[in-house]
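Asks: Numbering (this note's numbering), first residue to last: 4 to 170.
For each residue, glycine too, the CB sits at the ideal point set by N, CA and C.
Below: one structure in structure tokens.
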Ligand code: S3P
């Protein structure tokens, strides 16, 4: 079983889909943001505020090298900017969770913990800037992806089934 790397924009549902995938498969789940938070013993928001984005991207680089050397049978859910790491293809099959920007924001806002979800993501603070970031990143996500799962109006469980059929 090859590793699967879940990429996609903030809030698209990478974590929720990963949780569904491990319920019905042999994959082990790892989340790059969780790894970084435990390595640093602090929240992503704090890392951005105290040390800035470049410092965070360097932590992502360390994680990507560790993943390449160390993981097997693993589903890796990633932060929205992790796709920039150069060795992604060496880690596993890349699956993009895709949805239009406005649908992603609608999905976050409909969540009971919407405020928390927005607050913990420094790059979602300004929605206008976030939309620009989405526009710049989407073609890059599509270029990298081996498999695309359109998550619009689908539950995490439906997305997980589709993913497992396609990998
Ligand atoms: C980021 C996405 C976040 C987190 C950090 C930066 C990005 O993860 O890694 O705030 O650059 O898109 P999620 O995609 O899980 O929100």
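1. Could you give the distance in angstroms between the alpha-carbon of residue 68 and the alpha-carbon of residue 149?
2. Looking at the secondary structure, which residues open and close the alpha helix (DSSP H) in which residue 73 lies?
3. Could you tell me which residues DSSP puts in a beta bridge with residue 98?
4. How is residue 163 classed by DSSP in three states: helix, strand or coil?
5. Looking only at its own chain, which residues have a Cβ that is under 6 Å from the Cβ of residue 96, when we skip the five neighbours before and after it?
6. With a threshold of 7 Å, establish whether the CB of residue 94 neighbours any heavy atom of ligand 1.
7. Please report the distance separating the alpha-carbon of residue 16 from that of residue 83.
8. Hey, out of 156, 152, 40, whose CA is closest to residue 100's CA?
Replies: On the basis of the supplied data:
1. Taking the first residue of the chain shown as 1, we reach residue 68 at position 65. Taking the first residue of the chain shown as 1, we reach residue 149 at position 146. Rounded to the nearest angstrom, the two C-alpha atoms are 20 Å apart.
2. Position 70 of the chain shown, counted from the start, is the residue given in the question as residue 73. In the DSSP assignment, residue 73 falls within the alpha helix (DSSP H) that extends over 47-73.
3. One-based indexing of the chain shown puts residue 98 at position 95. Answer is 9, 150.
4. For this step, residue 163 is matched to residue 160 along the chain shown. In the structure shown, residue 163 sits in a helix (DSSP, three-state: H, G or I).
5. Indexing the chain shown from 1 puts residue 96 at position 93. Same-chain partners within the cutoff: 5, 7, 149, 170.
6. The sequence position of residue 94 within the chain shown is 91, counting from 1. Flag unset: Cβ of residue 94 not near ligand 1.
7. As a position in the chain shown, residue 16 is number 13, starting the count at 1. As a position in the chain shown, residue 83 is number 80, starting the count at 1. Cα to Cα, the separation comes out at about 11 Å.
8. Here residue 100 refers to the residue found at position 97 when the chain shown is read from its first residue. Closest by alpha carbon: 152.
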